[in-house]
Amino acid sequence: MHYQSYRTAIRYDANVGEYAMYLDDELVGFARTRLEAERTLHELIHELQLWPRAHAAYVGG
């Protein structure tokens, strides 16, 4: 089974006062703490990796 790799970045945004989360250079959200940002990105990547298999099972592929 092959998993796509993603580039992630977490940067503190002083204007917002939270950590900006990036996935493949796209802003995907903000988190109150760096740890929360790391966990959220990890969960998002996990969901993205599961989606093709779940979709294939749903449509019978």
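If you're matching positions, the sequence shown starts at 1 in my numbering and goes up one per residue.
Where is the CB? At the ideal position from N, CA and C, for every residue including glycine.
Predicted model, so just to flag it, every value in this text is computed and none were measured.
With DSSP as the reference, label A37 as helix, strand or coil. helix
Can you give me the start and stop residues for the beta strand (DSSP E) that G29 sits inside? 26-31
Compare the Cα-Cα distances from N15 to each of F30, D24, D25, L44 and report the closest residue. F30
Residues near Y22 by beta carbon distance below 6 Å, same chain, minus five either side: A9
Less than 8 Å between C-beta atoms, sequence neighbours within five positions excluded: which residues of the same chain meet that for E36? Y19
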